[in-house]
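2 protein chains.
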Amino acid sequence: MADHRRKFSREPASQRRDALIRATLALIAEKGVQAATVREIAKAANVTQGLIRHYFSTKEELVSAAYEQHMGELTDATLASVQSAGQSPVARLAAYVAAGLRPPIVDPNAVSLWASFLNRVRHDERMRTTHERTYRDFRDQLEALIKDALMETGKKTDERELRRLAIACNAVIDGLWLEGGALPDTFEPDEPAQIGLASVSAIIGIELKDEVGTS
Amino acid sequence: MADHRRKFSREPASQRRDALIRATLALIAEKGVQAATVREIAKAANVTQGLIRHYFSTKEELVSAAYEQHMGELTDATLASVQSAGQSPVARLAAYVAAGLRPPIVDPNAVSLWASFLNRVRHDERMRTTHERTYRDFRDQLEALIKDALMETGKKTDERELRRLAIACNAVIDGLWLEGGALPDTFEPDEPAQIGLASVSAIIGIELKDEVGTS
DNA sequence: CCACTAATTATGCAAACGTATAATTAGTGA
DNA sequence: TCACTAATTATACGTTTGCATAATTAGTGG
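In order, the protein sequence lines correspond to chains Z and Y. Residue numbers for the first sequence follow this note's numbering, beginning at 45 and rising by one. Residue numbers for the second sequence follow this note's numbering, beginning at 45 and rising by one.
The structure is reproduced here in structure tokens:
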């Protein structure tokens, strides 16, 4: 009777794990959390649902792993933009701001993904830890970049003021990122990046130039 | 047997509707979307679940109504802060900024509520309309306040630049609101409001003073 | 005080959910 | 090629979900 059992191949563990995480992220981003059921995730990853339990002892664990991966990729992407931006602290700061406010960082799916996770963050301890670490990482990076830029231009700022500048710049970037992703039609192309550069310039008192095409 | 049927009283329709909406908002804010089931909502509103269907033909409709109400209250609250802030355009702008960055507007539950809704916004047309209108209202209010403040201080700005200033200020307020709500322990009391005032000051080039205690 | 209406409760249903467990089968080493 | 292991499929279970429908009962107008 049951002679139509599904064929399959055994993939390396890390690869299967990754495929399941990708499927989870894609589903949440595209159709929302409620669409990311174990059955849908399995279908998207082209396996049967039982396999999920073989790699993640609970669905919560899968979602949490997906969150960590997603946040890690976001931080890596912006960090990479800085490192490829050359030498000058001011130019590096400008690159950081602009990169965070352009595709692929500014993206409807990324925003929706982030919002989906924010709910769970409150009730899942592991996710909350990831959340706080990611935020701190972002702000520390920004603070370091601002500090260097201020030094380069010969301005003096105490610790307390520096912290406030970093919080403010981080907030304006977050806000623009959010609105650029959630309401894409409201902005002209590249407007978030332009406004972000102008705003950060005003806040820290250093003119940041858009360094596109300087590679 | 069934001689213990639940007692009840017939409430005015608007009151019941409101109670159901309040229960929905409270549940989503406190325990997340997945906890806001029809049964839990009914329990929180102290009715049985069948009644929900009597006031809302579908759960989606209830959630959508709750979203509209929540957003309306947010806009009303900030708008009220402006109107009670007196005459001077600069003072009014300062009041608007500060009010949006202090309790009760800055609040973990409000942020979590907002994030919960953001997912649904993409797939529910009615909610998307509400979302876009709310954002536009906020920004238009801010733009008007900035325009008046600039005129008061004798600065000239064209339409395009004004729009950009409004977007930037809105973004920094949103970002601070978000972070202040999502990571309350990261900030000192009133720090979001202080940083917000300083940042908006820097962006538009007008010093905004904190007007607390000027009533 | 009685009949009538609709607000409310009570009960039920089919579908979907996460999880558990049993049955298979692909790959591996002897 | 043959057993062995674990990766994978298949099936099932108990809950919970949103929604529907029938049974009651609180309030109202005559």
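We put the beta carbon where it would ideally sit given N, CA and C, even for glycine. Quantities reported herein were computed from a predicted structural model and do not represent experimental measurements.
Within the stretch 209-228 of chain Z, I211, A212, N214, A215, V216, I217, D218, G219, L220, L222, E223, A226, L227 place their CB atoms closer than 8 Å to a CB of chain Y, listed in sequence order. About 10 Å separates the beta carbon of Y/L145 from that of Y/G225, a gap too long to meet the 8 Å contact definition. The C-alpha of Z/K200 is placed about 11 Å away from the C-alpha of Z/A193. Nearest Cα to Y/R180 within the set Y/F161, Y/I211, Y/P236, Y/R204: Y/I211. Residues of chain Z whose Cβ lies closer than 7 Å to the Cβ of Y/I239 are, in chain order, R208, I211, A212. When the Cα atoms are used, Z/R208 and Y/V216 turn out to be separated by approximately 13 Å.
Residue environment analysis places Z/G76 among the buried positions, since at least 16 neighbouring C-beta atoms fall within 10 angstroms of its C-beta. Flagged as an interface residue toward chain Z: Y/G76, by a C-beta distance shorter than 7 Å. By the CB criterion at 7 Å, Z/A73 and Z/N153 fall inside the cutoff.
Distance between Z/H48 and Z/I96, taken at the CA atoms: about 22 Å.
Against Y/A246, the close residues of chain Z are A246, I247, in the order they occur along the chain (beta-carbon pairs closer than 7 Å).
Comparing C-alpha distances from Y/H175 to each of Y/A246, Y/T81, Y/W158 shows the shortest one belongs to Y/W158. Using a CB distance below 7 Å, the part of the stretch 68-99 of chain Y facing chain Z consists of G76, V77, ordered along the chain. At the C-beta level, Z/E251 and Z/S245 come within 7 Å of one another. By the Cβ-count criterion, Z/P233 is exposed, with fewer than 16 other Cβ atoms from all chains shown falling within 10 Å of its own Cβ. For Y/A188, the enclosing alpha helix (DSSP H) has its first and last residue at 169-196. For Z/P148, the three-state secondary structure derived from DSSP is coil. Residues are counted here when their Cβ sits less than 9 Å from a Cβ of chain Z; for the stretch 157-174 of chain Y these are W158, A159, S160, F161, L162, N163, R164, V165, R166, H167, given in chain order. Fewer than three pairs of CB atoms, one per stretch, sit closer than 8 Å, so the stretch 131-148 of chain Z makes no contact with the stretch 81-98 of chain Z. Comparing C-alpha distances from Z/Y99 to each of Z/A57, Z/S125, Z/Q238 shows the shortest one belongs to Z/A57. At a Cβ-Cβ threshold of 7 Å, Z/A139 and Z/S125 count as neighbours. Apart from sequence neighbours up to five positions away, the residues of its chain that approach Y/F231 with a beta-carbon distance below 8 Å are E223, G224, ordered along the chain. Annotation for Z/P233: no alpha helix (DSSP H) segment contains it, and DSSP assigns it neither H nor E. For the set Y/S101, Y/E104, Y/A110, the Cα lying nearest the Cα of Y/D62 is the one of Y/A110.
The beta carbon of Z/E196 lies closer than 8 Å to those of S132, P133, V134 in the same chain, with the five residues before and after it left out.
At a C-beta separation below 8 Å, Z/A110 has no neighbours in chain Y, since its nearest C-beta there lies roughly 15 Å away. At the C-beta level, Y/A121 and Y/A237 stay beyond 7 Å of one another. Neighbours of Z/E176 in chain Y, taken as residues at a C-beta separation under 7 Å, are given in chain order as L227. According to the DSSP assignment, Z/H98 belongs to the alpha helix (DSSP H) that extends over 94-99. If you draw a straight line from the Cα of Z/I149 to the Cα of Z/D184, it comes to about 19 Å. Nearest C-alpha to Y/V155 among Y/D202, Y/A70, Y/G198: Y/A70. Collapsing the DSSP output to three states places Z/I250 in coil. Rounded to whole angstroms, the separation of the alpha carbons of Y/E55 and Z/P228 is 44 Å. Sixteen is the threshold: since fewer than 16 other Cβ atoms of the shown chains lie within 10 Å of the Cβ of Y/S128, the residue is exposed.
Taking C-alpha positions only, Z/R50 is separated from Z/Q78 by approximately 28 Å.
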